[in-house]
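Working notes for the structure below.
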Ligand code: AMP
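Numbering (this note's numbering), first residue to last: 2 to 398.
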């Protein structure tokens with residue numbers, strides 16, 4: 002796997018695809034800088050080698066139209082502060098504005114190009130547009146995991162114009178290594194904790210992951226489709242009636258493959274879907290009519306805890322309860338605590354894909370797990386076993 006480590010960037014211009022799709026407030030100030038901070042090591046490596054960096058990114062969804070609200074100019078000062086170099090700005094990502102700015106860029110300098118998605122050609126994956134981008138650097142570096150599952154001009158197609166001069170940035174390389182650790186090279190026992198709302202949105206992940214793990218914890222809203230399939234009473238809990246056969250098939254397959262599946266045994270049931278609802282702890286398969294399971298119960302959490310602490314490699318995707326509501330967040334917090342404890346004992350833990358990342362950040366587990374992925378959709382597609390086009394474009398000629 003070629004990374005920026007394999008290159009000396011002295012007197013070279015690195016064309017770096019970063020993910021600066023950051024949230025802005027009404028005054029166009031960056032409210033969460035983590036994506037910029039995450040891109041810093043790659044940019045610094047290029048500058049310390051004595052090269053210059055041309056940064057390209059999208060921001061929001063301008064859908065091919067120039068939209069001043071989504072200009073990357075708004076983030077220029079923040080990027081400058083984080084990198085420690087005054088970043089220059091080009092009013093367009095292709096054409097004279099870009100080529101002129103690149104031509105006058107000196108070693109040690111950084112140029113940020115205007116929003117790629119002001120051109121519809123970016124998301125269309127236009128080869129002509131990619132060729133124009135390719136003129137802006139000597140070496141192409143992809144450091145944007147969040148868009149690696151898109152075959153866009155700047156994430157995938159542009160790599161064709163750098164057959165021998167393309168590589169991963171540190172961030173993207175780290176993401177690939179973290180996924181590999183779980184899916185290929187992780188120490189056993191390997192555990193996947195899958196939560197979230199629906200079986201239907203996780204089915205491809207479950208099927209793919211059964212070949213990789215020793216233990217599978219199923220939690221959250223998905224639980225009830227499995228419980229119903231086994232003849233349990235789930236009351237008014239979220240349940241996909243049309244997926245019960247599929248749930249039984251999954252359990253059967255898991256058994257064939259020697260994967261131990263752990264489902265909740267008790268739940269916090271509520272008489273309404275809101276934080277003020279009345280609650281009671283009930284067995285997962287005896288939820289009364291008019292009640293719905295919204296979080297994992299205490300016995301469940303104890304059992305999950307044992308499995309988590311006994312694992313050496315852990316993937317966590319999806320909350321085990323409605324963590325957005327205080328009264329139903331305890332299960333997800335407990336799982337986070339167990340994953341943190343296992344990590345402290347030497348396990349490798351990866352949190353990735355969608356709401357579990359939000360939960361981990363919200364409850365402060367970010368630095369207590371081994372790795373928190375930066376890409377929602379890209380992580381989910383990786384877990385589904387798909388080869389991401391942005392990654393394939395660097396790996397293959
Ligand atoms: P996902 O995006 O598939 O990971 O789903 C995350 C969502 O699942 C979160 O918004 C949770 O509130 C929701 N969720 C978790 N457990 C339950 C449950 N028991 N009932 C309804 N929604 C749930």
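A virtual CB, placed ideally from N, CA and C, is assigned to each residue, including glycine.
Nothing here was measured: the structure is a model prediction, and the numbers come from that model.
Label residue 87 either buried or exposed according to how many other C-beta atoms from any shown protein chain fall within 10 Å of its C-beta, with 16 as the threshold for buried.
Classification for residue 87: exposed.
Does DSSP put residue 77 in a helix, a strand or coil?
Three-state DSSP puts residue 77 in a helix.
Can you list, in chain order, the residues of its chain with a C-beta nearer than 7 Å to that of residue 430? Leave out the 5 residues immediately preceding and following it.
The structure shown does not extend to residue 430, since the chain is modelled only from 2 to 398, so the question has no answer here.
What three-state label does DSSP hand residue 313 in the structure shown?
In this structure, residue 313 counts as coil in the three-state DSSP scheme.
When DSSP labels each residue in this structure, what does residue 198 get in the three-state scheme?
The answer is coil: DSSP assigns residue 198 none of H, G, I, E or B.
I want to check one thing, is the minimum distance from the CB of residue 295 to the heavy atoms of the ligand AMP below 6 Å?
Yes - the ligand AMP has a heavy atom lying nearer than 6 Å to the Cβ of residue 295.
In the DSSP assignment, what are the bridge partners of residue 52?
Answer is none; residue 52 lacks a bridge partner.
Could you check how far apart the C-beta atoms of residue 179 and residue 357 are, in whole angstroms? I think they sit under 8 Å.
About 14 Å; that fails the 8 Å criterion.
Quick check for students: name the residue ranges of the beta strand (DSSP E) that lie wholly in the segment 163–214, counting only runs of 3 or more.
Qualifying beta strand (DSSP E) stretches, in chain order: 167–169, 191–195.
Where DSSP assigns a beta bridge to residue 18, which residues make up the other side?
In the DSSP output, where bridge partners are listed per residue, residue 18 has 57, 143.
Are residue 28 and residue 73 touching if we call contact CB-CB under 7 Å?
No, the Cβ-Cβ distance between residue 28 and residue 73 is not below 7 Å.
Does any heavy atom of the ligand AMP sit closer than 6 Å to the C-beta of residue 323?
Residue 323 Cβ: within cutoff of the ligand AMP.
Pairs of beta-carbons, one from the segment 342–353 and one from the segment 279–298, closer than 8 Å: are there three or more?
Because the criterion of three Cβ pairs below 8 Å is not met, the segment 342–353 and the segment 279–298 do not touch.
Between 107, 154, 110, 37, which has its C-alpha nearest residue 94's C-alpha?
Of the listed residues, the one whose Cα sits closest to residue 94 is 154.
For the alpha helix (DSSP H) holding residue 99, just list the boundary residues, first then last.
Start and end: 96–104.
The alpha helix (DSSP H) that contains residue 393, what's its start and end?
Per DSSP, residue 393 belongs to the alpha helix (DSSP H) from 390–396.
Would you check whether the ligand AMP has a heavy atom nearer than 6 Å to the C-beta of residue 356?
Yes, the ligand AMP has a heavy atom inside 6 Å of this Cβ.
Could you tell me the boundaries of the alpha helix (DSSP H) in which residue 254 lies?
It spans 245–257 - the alpha helix (DSSP H) in which residue 254 sits, taken as one unbroken run.
What does residue 287 pair with, by DSSP beta-bridge criteria?
DSSP lists 234 as partners of residue 287.
My assumption, with CB atoms under 8 Å, is that residue 108 sits in contact with residue 53. Please give the rounded CB distance.
Yes, they are in contact, since the Cβ atoms of residue 108 and residue 53 sit about 6 Å apart, within 8 Å.
Quick check: what's the CA-CA separation for residue 226 versus residue 245?
Looking at the two C-alpha atoms, the distance is approximately 6 Å.
Taking the C-alpha atoms as reference points, what is the distance between residue 200 and residue 214?
One C-alpha to the other measures close to 18 Å.
Residue 339 by DSSP, collapsed to three states: which one?
If DSSP states are grouped into helix, strand and coil, residue 339 belongs with the helices.
Between which two residues does the alpha helix (DSSP H) holding residue 371 run?
Premise fails: residue 371 is in no alpha helix (DSSP H) and is neither H nor E.
Counting pairs of Cβ atoms below 8 Å between the segment 134–148 and the segment 159–175, do you hit three or more?
Counting Cβ pairs under 8 Å, three or more are found: they touch.
With distance defined between alpha-carbon atoms, name the residue in 362, 71, 268 nearest to residue 328.
Of the listed residues, the one whose Cα sits closest to residue 328 is 268.
Grab the span of the beta strand (DSSP E) containing residue 294 for me, first residue to last.
293–297 is the span of the beta strand (DSSP E), which, as asked, contains residue 294.
At what residues does the beta strand (DSSP E) containing residue 359 begin and finish?
That residue, residue 359, is in no beta strand (DSSP E); its alpha helix (DSSP H) goes 356–363.
What does a CB cutoff of less than 7 Å around residue 234 pick up in its chain, not counting 5 residues either side in sequence?
Here the set comprises 286, 287, 288.
To the nearest angstrom, how far is it from the Cα of residue 79 to the Cα of residue 229?
If I take the Cα positions, the gap works out to 51 Å.
Quick check: is any heavy atom of the ligand AMP less than 6 Å from the C-beta of residue 288?
No, the beta carbon of residue 288 sits no closer than 6 Å to any heavy atom of the ligand AMP.
Roughly how far, in whole angstroms, is the beta-carbon of residue 331 from the beta-carbon of residue 296, given that I think they are within contact range, below 8 Å?
Yes, they are in contact, since the Cβ atoms of residue 331 and residue 296 sit about 6 Å apart, within 8 Å.
Going by the C-beta, is residue 320 closer than 6 Å to any heavy atom of the ligand AMP?
Yes, since a heavy atom of the ligand AMP falls inside the 6 Å radius drawn around the Cβ of residue 320.
Do you know whose CA, among 104, 270, 336, 249, lies nearest residue 262's CA?
It is 249 whose Cα lies nearest to the Cα of residue 262.
Just mark residue 151 as buried or exposed, buried being the case when its beta carbon has 16 or more other beta carbons within 10 Å.
Per the 10 Å Cβ criterion, buried.
Could you tell me the alpha carbon to alpha carbon distance between residue 43 and residue 306, rounded to whole angstroms?
Between residue 43 and residue 306, the C-alpha separation is close to 37 Å.
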